[in-house]
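Numbering (the numbering used here), first residue to last: 8 to 86.
1) Helix, strand or coil for residue 50? Go by DSSP, reduced to three states.
2) If you compare alpha carbons, which of 57, 17 and 50 is closest to residue 70?
3) Less than 6 Å between C-beta atoms, sequence neighbours within five positions excluded: which residues of the same chain meet that for residue 45?
4) Hey, out of 15, 19 and 24, whose CA is closest to residue 73's CA?
5) When you compare only the Cα positions, how much space is there between residue 34 and residue 15?
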């Protein structure tokens, strides 16, 4: 989260991705870096115990949020 806020502060578009229990922490970090309303993508928790195919599925689920944060038009990404 802090990395994404720092990139944004330097003019580099970035999208932070967190799991749901870390919303409060993400908001605090963003505010600390001067981005009180920083948008980030949220995926279900946990992810540490998932297989690679399950991680890919979660990434595909969160991709629309990431693209919206980055300002990419809403269309199906190539597979």
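Even glycine gets a Cβ: it sits at the ideal position worked out from N, Cα and C.
Being a predicted model, the structure only gives us computed values, none of them experimental.
So, to answer that:
1) Working through the chain shown from its first residue, we reach residue 50 at position 43. In the three-state scheme derived from DSSP, where H, G and I count as helix and E and B as strand, residue 50 is classed as strand.
2) Start at 1 with the first residue of the chain shown, and residue 70 comes out as number 63. The residue with the shortest Cα to Cα distance from residue 70 is 50.
3) What you label residue 45 is simply residue 38 of the chain shown in a count that begins at 1. Excluding residues within five positions, the ones whose Cβ falls inside 6 Å are 12 and 37.
4) Taking the first residue of the chain shown as 1, we reach residue 73 at position 66. Cα-wise, what sits closest to residue 73 is 24.
5) The sequence position of residue 34 within the chain shown is 27, counting from 1. The sequence position of residue 15 within the chain shown is 8, counting from 1. Distance between the alpha carbons of residue 34 and residue 15: 15 Å.
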